[in-house]
Amino acid sequence: MGLKKYLAIRGITMFGVLMATLLLTVILVGSNMDVILKQGVTFQVRSEITEDPSISQSFSDPAEFEAFIQDQIDQRNKALGLDSPWYSPQRVGLTMYKILILDFGHATFLTSDAGSSNVKDILAEKLPRTILLFTTATIIIAVIGIFLGALSASKVGSAIDRITSTFAVISSSFPVWWVGMLMIFLFAFMYQIFPARATPSIPSDDPGYIIALLYHMTLPVITIVLIGFGAWAYLVRNFMIGIMQEDFISAKKIMGINQRKIIYGHAIKNAAPPIITVLALSLSGSLGGAIITEAVFDWPGMGRLYFEAITVMDLPVIIGATYVLTVFFLLSILVADLLYGYFDPRVKTGN
Amino acid sequence: MSSVSFSEVKHEFVRSKTGIAGIGILVVLVSISIGTAIIFPAETFQQWNNPQSWLSYPKTAMPLWVNLFMFEKIPEHKILDEPNVKIQTVGEISVVSHQFNVNYEYDDFPSDFIYEFTAKYSGAPLLQMSVVRPDGNILKILSVSLPNTSEMVLHNEKIFSTDGTIRKNLSLKSSLFDFTIVDSSAQDIIFSKFSEQSVLKGNYAFLINLYGVEKENSFVDSTLIIGGKAFGIMGTDELRRDLAVGLLWGTPLALFIGIAVAVGSVVMGLIYGVYAGYKGKFTDESMMRFNDVIYALPALPFLIILAVTISNSIFVMIGFLMIFGWVGIAKVSRSMALQIKIKGYVEASKMMGQKDSKIIFKHIIPQLLPYAFASIAISVPAAITTEAGLSFLGLGDPSFPTWGQILHDANTYGAAARGLWWWIVPPGIMIAITGLAFVFMGNALDVIVNPKLKR
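Chains as they are written, first to last, in the working numbering: chain A, 72 to 422; chain B, 876 to 1330.
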């Protein structure tokens, strides 16, 4: 299979998944969305009519006036296509088309820090912060993990190997957000080194904002790294052990090349494809986990936005955030696959 | 994959240290669950979110055992409901007296005291409350008559230490004290030394007398609560709930959620994957594409939307968790089925005209059972943490006290920033221990099923 054909098939599958996700989201929140939209129209029409006193004066009978307003509302609903039920193909199609071209509409309750209620603005403001936090943490995890994993793979059965494995199993049994609460207890209450809330209190246009943000980021990063690096090290160790059993490594050993050079020069290069794949996948996986982690630390990113949107049922934000999360998730799966193919030629040519 | 027989699996499993450790923890957890179900009637966890049923408990009290490590003993919260009852008749007057003995050996004053009673009386009996201190002094703190009635009635009342009459009566005793007691609360005065304002340790007796002319006068119910800052094995939370009850009830719930989700998703994935692999061709292709779609759904956001829009009932939640759990297992069991279906005996039974369903359930799935058990064990921790995470976000089923919900409440009331460690630490440790039990068992099984990992 040629690379182009492979890419095309992957692209089509991904697009299908994206559409399926969107459709599911729209179906799940559709009926609520419908009610909210209709309420919005009613409110808008009423305020437009009452703002102009000449209209109300031209009616002598209040019932007649009410009927006129209702008529206006119905007309507006019809113009916007709200008269057909929310599950009608046209409505669902229109909603999905709008989402596809990134027109998420306006948020019902939430606003960005700058005050805009446009969902696109809100997402554009929150997304970089989530990426900043989780990418930093994932890179630190990967560096520590690869180093520790290679170290334990070179000394299988040694104390360091056993400690790494045990730590990996135990640390991954604790929920990240629970460790987050403990960290806040330890480093914000017992020893007041870091702030308990990760949202900087100074406005975002202040020159010191970046530094404040980094300072507030420290505790979440430490927590994520603490929970994550053990499993990484264990994974890298297992990859490395698999490779160390291969013939070409044994040949190098027999040739008398020293252990260190074999591990860091040859073995790690061969362990790269699975490691990079896992890296790409864990980057996207962390975005999903961000919802809970950010809720604990009150980090002003996508996760907390998502959580806030759910609590107040701000549907445009929910749909927008789900869309962005899904796109990121799918992209990282694709990148992982492509990288794997790039590093491991067997995948590219064969099946 | 080479097929492993059950006796082999059992034999190897028993020799694996981690496997035994996992089984050991699981046995402990199951016994806790059974014990809980026996000791605490099911109503206790239904009362979990009912503030009425926790009124006599203290707010954010530490666990009792903290006192073992403390130099200055923290006052324990005492709920006394078994007084010494004495009934006397002096001429016309009958006296019902209840005596509560309190051994007070702590280094801080109690936070308050409450006397709650239900009296059965007629007329207008007189209720007197006095305290006999360890130094022999008697402080008369209250003397009130109950509302007049001509018929026999049940009267329920709570007397709080903040009661104005108690304060007034105590201020009459100010000459006994070498310091000014005007600003002190009733409990600070009653439990204080005369010479200085510090706790007088020893045995106190709270004496409640009901004087009346009717012989039938009695206390139906009589409880004295000495408010403290330590209570129970696990302490209490901001809503006065005994955390031990929540933690204990959380165990069977977590096991149920974890095992139900794991078994459900493994069975689903196994049948789905084997069917796709066995059928092959177009069926296989389309089933696997559908599998890809589910695989690419971001699980947590979707679980949240489902919980919010459809239902957060624990049973529906288990179903949702299954939807996202079976995908990986389906992929692996499909590839295993592909290998098994070309084996001679499967081909033979096919030629003999066996039904597809019979071949799948009789010949292929039994071969995959060891793998299925390993997968069940490995998927349990993820199910438990995901449910805990959803509960933590406040999307859990409010009628069941899960560990995630305890942590949700802890987070809502800022337990971490207020230093209420006993509210945060135990639920998380329970989640981790339960997860570890299954990880241990799963790893042990995995090594047996995939001999490649042996090293």
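Glycine included, each C-beta is placed from N, C-alpha and C at the ideal position.
The model shown is predicted, which means the values in this text are computed figures rather than measured ones.
- Relative to the Cα of S1070/B, the nearest Cα in the group S1050/B, I1251/B and R890/B belongs to S1050/B.
- For the segment 359-376 of chain A, the set of positions with a beta-carbon nearer than 8 Å to some beta-carbon of chain B reads G359, G360, I362, I363, A366 and V367 in chain order.
- If the five residues before and after F378/A are omitted, its C-beta is found closer than 6 Å to the C-beta atoms of I362 and A366, all from its own chain and listed in chain order.
- For the segment 1286-1308 of chain B, the set of positions with a beta-carbon nearer than 9 Å to some beta-carbon of chain A reads N1286, G1289, A1290, A1291, A1292, R1293, G1294, L1295, W1296, I1299, V1300, P1302, G1303, I1304, I1306, A1307 and I1308 in chain order.
- Taking each of I1259/B, M1163/B, I1198/B and I1083/B in turn and checking the Cα distance to F992/B, the smallest one comes out for I1083/B.
- P1000/B and L930/B have their C-alpha atoms spaced approximately 28 Å apart.
- Beta bridge pairing from DSSP links D385/A with no other residue.
- Counting C-beta pairs closer than 8 Å gives three or more between the segment 944-959 of chain B and the segment 1091-1103 of chain B, which meets the contact rule.
- Under the three-state reduction of DSSP, F245/A is assigned to coil, being neither helix nor strand.
- Going by C-alpha positions, L1114/B is about 20 Å away from A917/B.
- Remark: C-beta atoms of G1110/B and A1263/B do not approach each other more closely than 7 Å.
- Nearest Cα to T121/A within the set Q143/A, N103/A, M104/A and G101/A: Q143/A.
- I389/A and A224/A have their C-alpha atoms spaced approximately 44 Å apart.
- Sixteen is the threshold: since fewer than 16 other Cβ atoms of the shown chains lie within 10 Å of the Cβ of E1026/B, the residue is exposed.
- DSSP places A1292/B inside the alpha helix (DSSP H), whose first and last residues are A1290 to R1293.
- The DSSP assignment places complete alpha helix (DSSP H) segments of no fewer than 4 residues inside the segment 1233-1278 of chain B at 1240-1267, in order along the chain.
- The segment 213-233 of chain A makes contact with the segment 334-346 of chain A: 3 or more CB pairs, one atom from each, lie closer than 8 Å.
- A direct Cα-to-Cα measurement between F988/B and W923/B gives close to 24 Å.
- A residue is called buried once 16 or more other Cβ atoms fall within 10 Å of its Cβ, and N1286/B is buried on that count.
- For G1310/B, the nearest CB of chain A lies under 7 Å from its own CB, placing it at the interface with that chain.
- Taking 7 Å as the CB threshold, V106/A stays off the interface with chain B.
- For secondary structure counted as the beta strand (DSSP E) over 3 or more consecutive residues, the segment 273-345 of chain A holds no complete run.
- The beta carbons of I1016/B and I1041/B sit about 5 Å from each other, so the pair counts as a contact at 8 Å.
- Straight-line spacing of the CA atoms in P1301/B and A1290/B works out to 13 Å.
- Fully enclosed alpha helix (DSSP H) runs of no fewer than 4 residues occupy 1296-1324 of the segment 1293-1328 of chain B, in order along the chain.
- V1088/B and E967/B have their C-alpha atoms roughly 6 Å apart.
- For the set Q1280/B, Y996/B and F1275/B, the Cα lying nearest the Cα of T1260/B is the one of Q1280/B.
- The three-state secondary structure of I1016/B, taken from DSSP, is strand.
- A1223/B counts as exposed, since fewer than 16 other C-beta atoms from the protein chains shown sit within 10 angstroms of its C-beta.
- Contact annotation for I1180/B against chain A: L95, T96, L99, V100, I381, I389 and T393 [CB-CB distance below 9 Å, chain order].
- With its beta carbon at least 7 Å from every one in chain A, P1273/B lies outside the interface.
- Residue pairing of M937/B in beta bridges, as defined by DSSP: A1105/B.
- Under DSSP, G1087/B shares a beta bridge with S969/B.
- Contact between G1121/B and P1276/B holds, with the beta-carbon distance rounding to 4 Å and staying under 8 Å.
- Counting only runs of at least 4 residues, the segment 189-272 of chain A fully encloses the following alpha helix (DSSP H) elements, listed from N- to C-terminal order: 190-225, 230-242 and 247-255.
- Residue state for D956/B is assigned as coil, using DSSP reduced to three classes.
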